[in-house]
Amino acid sequence: MIFVKANDYDDLSRKAADLLYDQILFKPDSVLGLATGSTPVGAYQYLVQRYRRGELDFSQTRSVNLDEYCGLPEDDPNSYHTFMRQNLFDLVNFCPKNCWLPNGMAADKGAECKNYDRLIRSFGGIDLQVLGIGQNGHIGFNEPADCFTMGTHEVFLDQQTIRDNARFFSSPQMVPISALTTGIRSILQAKKILLLAGEEKTEILKKALFGPVTPRVPASILQLHPHLVVITTGTVTGNVRGN
Ligand code: GLP
């Protein structure tokens, strides 16, 4: 685990963007596992700036997002499709055909989940997975549960997640109750993982990185990854598991 202490949110965002930049420069057709939520927005803004300065080319880069709400059409203002288009995809030269998110409107959710896993496998897995962390330790929408779910699946959102994400909706009642999320397998099989967390996530980050590995704190499974980079503005100390 590589731990990077950022001075503030801007520093966190710049450092995260630098890692993404290096990844795309080193392998232009990289498969990125991208995340939504407010934490990675600043990193995306830095990537857009560097693209506009002519330093970055996304034309061959592929992206498979972590998750999508069920029941929101792609063009809904709160869908993660819209989020990604507004914060990154439409602002740089990503090919639309190279940008993937689960289809939360699929009539057959089981088939959609299997296809999403098949797609990620067909790419040979994810090169760099970006993650935020929920206050309850969720990654993507892998919520606290009795066991880790390996494949992409439909999940009923935790009450805490609904409360936390209500800030993006006109009322908590408007937050979808379920989502499709990639599972633990494609996240853990990513060659590198970049976990971003602001200071408000310090307590859950400590639990996730230095507590027991348990599906009750889904992000704790990241302790087992051989190439995890954590960038945080918080002060987090503990005994790092040797890997
Ligand atoms: C959502 C997303 C997660 C994200 C989390 C934290 O629930 N599904 O991928 O990590 O929000 O969001 P934020 O960065 O806004 O705290």
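Residue numbering for the sequence shown is 4 to 246, as defined by the numbering used here. Note that CB positions come from ideal geometry on N, CA and C, so glycine has one too.
For A46, the enclosing alpha helix (DSSP H) begins and ends at 44 to 55. Residue side-chain check: F97 keeps its Cβ at 7 Å or more from all non-hydrogen atoms of the ligand GLP. Rounded to the nearest whole angstrom, the C-alpha separation of N106 and I207 is 29 Å. Assignment of G113 by DSSP, reduced to helix, strand and coil, places it in the helix class.
Relative to V232, the option among L160, A169, G143, G135 whose CA is nearest is G135.
Here A9 has L15, K18, I234, T235, T236 as same chain residues with Cβ atoms under 7 Å from its own Cβ, once five neighbours each way along the sequence are excluded. In the DSSP annotation of this structure, the continuous segment of the beta strand (DSSP E) that includes K8 starts and ends at 5 to 8.
Here DSSP, grouped into helix, strand and coil, assigns T85 to helix. For K195, the pairing in a beta bridge is given by DSSP as L131. Distance from the C-beta of L69 to the nearest heavy atom of the ligand GLP is below 7 Å.
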